[in-house]
Ligand SMILES: Cc1cc2nc3c(=O)[nH]c(=O)nc-3n(C[C@H](O)[C@H](O)[C@H](O)COP(=O)(O)OP(=O)(O)OC[C@H]3O[C@@H](n4cnc5c(N)ncnc54)[C@H](O)[C@@H]3O)c2cc1C
Ligand SMILES: Cc1cc2nc3c(=O)[nH]c(=O)nc-3n(C[C@H](O)[C@H](O)[C@H](O)COP(=O)(O)OP(=O)(O)OC[C@H]3O[C@@H](n4cnc5c(N)ncnc54)[C@H](O)[C@@H]3O)c2cc1C
Ligand SMILES: Cc1cc2nc3c(=O)[nH]c(=O)nc-3n(C[C@H](O)[C@H](O)[C@H](O)COP(=O)(O)O)c2cc1C
Ligand SMILES: Cc1cc2nc3c(=O)[nH]c(=O)nc-3n(C[C@H](O)[C@H](O)[C@H](O)COP(=O)(O)O)c2cc1C
Ligand code: FES
Ligand code: FES
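Residue numbers (the numbering used here), protein chains in the order written: chain A, 1 to 297; chain B, 1001 to 1297; chain C, 2001 to 2259; chain D, 3001 to 3259.
Below, the structure is given as structure tokens:
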């Protein structure tokens, strides 16, 4: 009863592991599926190996997390193996999150990782120089999408930044360039300073805020996108309970990605699935009837 | 030991009541000063009386608040009296928060409220049609600042939105137009939907997120502005303790505004003052030495 | 606190224009008389309502939101947040309860908690008297402006029929003019400290952040430091002189409808 | 949890390249042996370190951050977050402790909590033996690769001098190769369930979110589900075969320096 189809991909349930959380290896993504995820997005992968930002790269807050991982990844050649291993062990769709400084770089990554079931182009990591400058560059985003679409046959999603004046315009640019879905949102650009020493805590100083505190911003972005876009929206940002997942779907999300909440509890997928089922039964609704329901009133 | 001077205005301490929180009448602003505020900013005032958005206009979250008041205010003619009454009873500076759809409207409000010690131009309320469209319009913001500067002699601050691609560019536009300081940040554009009914809770559907959860975004904005701007920055967003106030000053704030935290406790100003004093004593620092200290490392 | 959807378990007609809504909200059991809820009807609006018992509100049909509430049926759902605000301090001694119009609502709840009381209840006309049953365990005096029940006149006229000074605590809720008269009388008798009144102002947030309900000149928030105040806390206040409307404009008393 | 600045109360030199830092952090008293801290030197970096007692860490100078830590003095401050991770399950019976190199650190802490134990401690050379004093209340066997103290050879060679099977619990910490050998021996003797090992991987977040420390093929997070694992949980794992570096690339065992 939880099956959804998004941009031609079928998920056993709408809960997908978000990019960058545990997605560094096949084994951790397989374990997410074992714990109930309907699909997974990999860590964002670039052309070359990157170590990422210096540590500390996370700060835990009572209501969320600030991270500045800095897109560490082994490079697409090496990561090909992980996708292969995942697919050998798991039927759930695996979406490769990919990034790069220009369209040809991103295309190269996509081509190398073409075994993935779909692609999520990351143009929205707020603390990486590579992606930060793309986040509100509609033209460049359009170019990247077109290049990737030419290079692969599977669906292409674009992951949007909330750190822009109008997420809807960026979403429209992606749609016009041929994106099959948008993913909203990446983290909020944020920072924290230690008052004892006066030093910014994160090695990169600036990071991205995730977790329950950003959910109201994510819901707003999804709601706004749904008003204008025709392609599906995958919601992400601060989902920690079935209520959050339902709320995002009501706002317009066709599926949900979960990141930070996995930290405390990998079993979160099972828990949310159970809550979702109970809700649908009680309300006598089909899952697809949830999507965008808040716009009807 | 807590005295600060910002854009020529002297405050007994750097803690200022933020706009829109209790600032609807002289009496509530006087009581904020009685409870330790070094100054106050009024509710945002326009040319005509406005009732604001339909209720519900607030939703309380564990880590903050979403509000969609919709800039209710009695109009500048009527509000003149409140400023007069405040000044008859209180020596602390009173900053009139003012808004309008175009430069001449804002100028009219400023002129009517010229008894105020300073002005804070609100171009950043994320759920009011009037201000929402201004938030990233550098030209229009420049025009408004120039008009207001011509109309009044007292210092003019511009309150910036975090819901833009580059807060620094907006800050620069304000500075170039002659603003004496910038205030960062207003609320984050946000939304919440009731899962039982599928209805967006706020009467206006979309609102603004404030409170402790937005502090990491506010600190980042202040830090970025301090790197580029020459005029002072007043920090606001999620301050609930002396540590938060210190953190914002380390990031670059010359003074601090406090909004949502006043809800739970009007005595917050006294508490933060005590903490600040202890910190300065322990660290053997003057208050102005805090400002921007995190940039030195 | 998010609004929480609760079922209307029962609706009781109260006179002509009022209804009591009994809510399936067991967690309200700990509420104090005088506290209020913010009541939300999705897509329609949200309004402040005093608790008329630990799990009910009693609402007069006056405008958009209250009319819609009156159209609802048992089994329907509304959203509530609260209980909010400071309630009455309960006295062990002899209490005097004075209610004008819908002011009966919080005092009806209070009547469950005080030992011995006299209740002075006033309304425009017989059909506007609500919740009288709740006051029957004490001494009950009634006034209506048209004389259709009890003494003809205002509830404050009933004060002449009793001796205010003998009560250990005096509780009042009603229109500003009534409250002002009671404040004045209590002041004269030097018993302001015995008086607790429930104040109504325009509530937007209900949680002390927006400033819409603040009283001049002390700057207290009715929704947070109130809605129950001691006589001496508000004697000098705007009550009975003016109030503010939704935009914050001052409206002289007399121009404004009773809320 | 934010990093919390704590004072270094005391520094103890341990052989040639290691120091114990005793921290003024009384709230760590509840930590379990095997748990670790994320240790932050502002402007320099952050690194994972096992607790070598409830309020100390013992650190070998290997690179940028550990060198800087070694330069610090008593009275200086460092930031810590934690204690994190799953610690050892403490046995009531007879314990065998096997440490290679800096693996002595968590086992030194453990030695405070177990009753009767035998400790097998190995290092490259005499000067690399750390925290030996903590193991003196039990039976202590030493091995060095150059024979400068105790038996010449690897710590795993000491296993031949005792009877592994007689112990109720076996605890091990050290380089991957050593852990693999112990896993194999325990498997042979069918006592994998008695074995608990402390695993090191590249930690970035330390709290289970980044995926940098995950073990193949089970996908467990060393920082969260570990760093202490039962033998049967990790027998089939990558341990001793490969590990991942900071970028997530697999590095065959042997190519990587001991961490
Ligand atoms: C603390 C408190 C307790 C109250 N308890 C009760 C009660 O127990 N029973 C009862 O029937 N009524 C009570 N009221 C009054 C009730 O809130 C109003 O009757 C109601 O808001 C009218 O809403 P409406 O949409 O039907 O009318 P509208 O057409 O919106 O307004 C009619 C009049 O109601 C008043 N009003 C409207 N909105 C508000 C608001 N947000 N806050 C305050 N007044 C408002 C104004 O005077 C307005 O002119 C209480 C008010 C307050 C402040
Ligand atoms: C759970 C755990 C407990 C540890 N306990 C101790 C201990 O008690 N005492 C001790 O001396 N050492 C301990 N270490 C190892 C310690 O973290 C490294 O020695 C330290 O990180 C080296 O940092 P550096 O900046 O000095 O060296 P660098 O020059 O940065 O690196 C040198 C080598 O150290 C390792 N290393 C660097 N960063 C990390 C990291 N973030 N996570 C894991 N390994 C890293 C790598 O192998 C690297 O090649 C522990 C490691 C882990 C994972
Ligand atoms: C530690 C961490 C690493 C992340 N890395 C990536 C990444 O590589 N690529 C990406 O698109 N998003 C990344 N994100 C963002 C998440 O995918 C997600 O958009 C965001 O965290 C909001 O969702 P959440 O609140 O459920 O975590 C990362 C988030 C965290 C917390
Ligand atoms: C109820 C409410 C009303 C507000 N009204 C205004 C306003 O009229 N003008 C304005 O510039 N900011 C307004 N704000 C924004 C605050 O001044 C402040 O920028 C923001 O809330 C972040 O600070 P805080 O977290 O300390 O509240 C309002 C905030 C709240 C919560
Ligand atoms: S109603 Fe908002 S402060 Fe009282
Ligand atoms: S170090 Fe990040 S998950 Fe373990």
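Glycine residues also receive a C-beta, built at the ideal position from the N, C-alpha and C atoms.
Beta-carbon spacing of residue i, residue j below 9 Å
| i | j | result |
| --- | --- | --- |
| residue 262 (chain A) | residue 32 (chain A) | yes |
| residue 3203 (chain D) | residue 3222 (chain D) | yes |
| residue 1041 (chain B) | residue 1257 (chain B) | yes |
| residue 214 (chain A) | residue 225 (chain A) | no |
| residue 3023 (chain D) | residue 3058 (chain D) | no |
| residue 2109 (chain C) | residue 2051 (chain C) | yes |
| residue 2248 (chain C) | residue 1049 (chain B) | yes |
| residue 298 (chain A) | residue 242 (chain A) | Chain A is shown only over 1 to 297; residue 298 (chain A) falls outside these bounds and no answer can be derived. |
| residue 1051 (chain B) | residue 1070 (chain B) | yes |
| residue 174 (chain A) | residue 182 (chain A) | yes |
| residue 3231 (chain D) | residue 3177 (chain D) | no |
| residue 2149 (chain C) | residue 2129 (chain C) | yes |
| residue 2172 (chain C) | residue 2098 (chain C) | yes |
| residue 3045 (chain D) | residue 3167 (chain D) | no |
| residue 1075 (chain B) | residue 1100 (chain B) | no |
Whole-Å CB distance - residue i paired with residue j, under 8 Å assumed
| i | j | result |
| --- | --- | --- |
| residue 64 (chain A) | residue 202 (chain A) | 14 Å between Cβ atoms; not a contact. |
| residue 306 (chain A) | residue 117 (chain A) | The question about residue 306 (chain A) has no answer here: the residues shown for chain A are numbered 1 through 297. |
| residue 1169 (chain B) | residue 1138 (chain B) | 6 Å |
| residue 3021 (chain D) | residue 3084 (chain D) | That belief does not hold up - the Cβ atoms of residue 3021 (chain D) and residue 3084 (chain D) are roughly 18 Å apart, past 8 Å. |
| residue 1025 (chain B) | residue 2218 (chain C) | Not quite, the Cβ-Cβ distance comes to about 11 Å (not below 8 Å), so this is no contact. |
| residue 3034 (chain D) | residue 3087 (chain D) | 4 Å |
| residue 2153 (chain C) | residue 2145 (chain C) | 7 Å |
| residue 94 (chain A) | residue 121 (chain A) | Not a contact, Cβ separation roughly 15 Å. |
Local Cβ density within 10 Å of residue i, reported as buried at 16 or more and exposed below that
| i | result |
| --- | --- |
| residue 3257 (chain D) | Interpretation of residue 3257 (chain D) is limited by its pLDDT of 37, a score under 50 that renders its predicted location unreliable; the figure taken from the coordinates is listed afterwards. Exposed. |
| residue 2243 (chain C) | buried |
| residue 2039 (chain C) | buried |
| residue 2193 (chain C) | exposed |
| residue 2067 (chain C) | exposed |
| residue 147 (chain A) | buried |
| residue 3013 (chain D) | exposed |
| residue 1286 (chain B) | exposed |
| residue 3255 (chain D) | Note that residue 3255 (chain D) scores 46 on pLDDT, short of 50, meaning its location in the model is unreliable and no value can be drawn from it. |
| residue 1062 (chain B) | exposed |
| residue 1159 (chain B) | buried |
| residue 3133 (chain D) | exposed |
Run of the beta strand (DSSP E) containing residue i, from where it starts to where it stops
| i | result |
| --- | --- |
| residue 2250 (chain C) | 2250-2252 |
| residue 183 (chain A) | 181-184 |
| residue 2058 (chain C) | 2056-2060 |
| residue 120 (chain A) | 118-122 |
| residue 2173 (chain C) | 2169-2173 |
| residue 3196 (chain D) | 3195-3198 |
| residue 2048 (chain C) | 2045-2053 |
| residue 3064 (chain D) | Note, residue 3064 (chain D): premise wrong, no beta strand (DSSP E); alpha helix (DSSP H) at 3064-3070. |
Endpoints, alpha helix (DSSP H) assigned at residue i
| i | result |
| --- | --- |
| residue 3217 (chain D) | Neither: residue 3217 (chain D) is in no alpha helix (DSSP H) and is coded neither H nor E. |
| residue 89 (chain A) | 76-89 |
Residue-level contact to chain F via CB, residue i, 9 Å cutoff
| i | result |
| --- | --- |
| residue 1178 (chain B) | Any reference to chain F falls outside this structure, whose protein chains are A, B, C and D. |
Check your reading: residues with Cβ closer than 7 Å to ligand 5 heavy atoms
B:1022, C:2203, C:2204, C:2205, C:2206, C:2207, C:2208, C:2209, C:2210, C:2211, C:2212, C:2213, C:2214, C:2221, C:2222, C:2223 and C:2224
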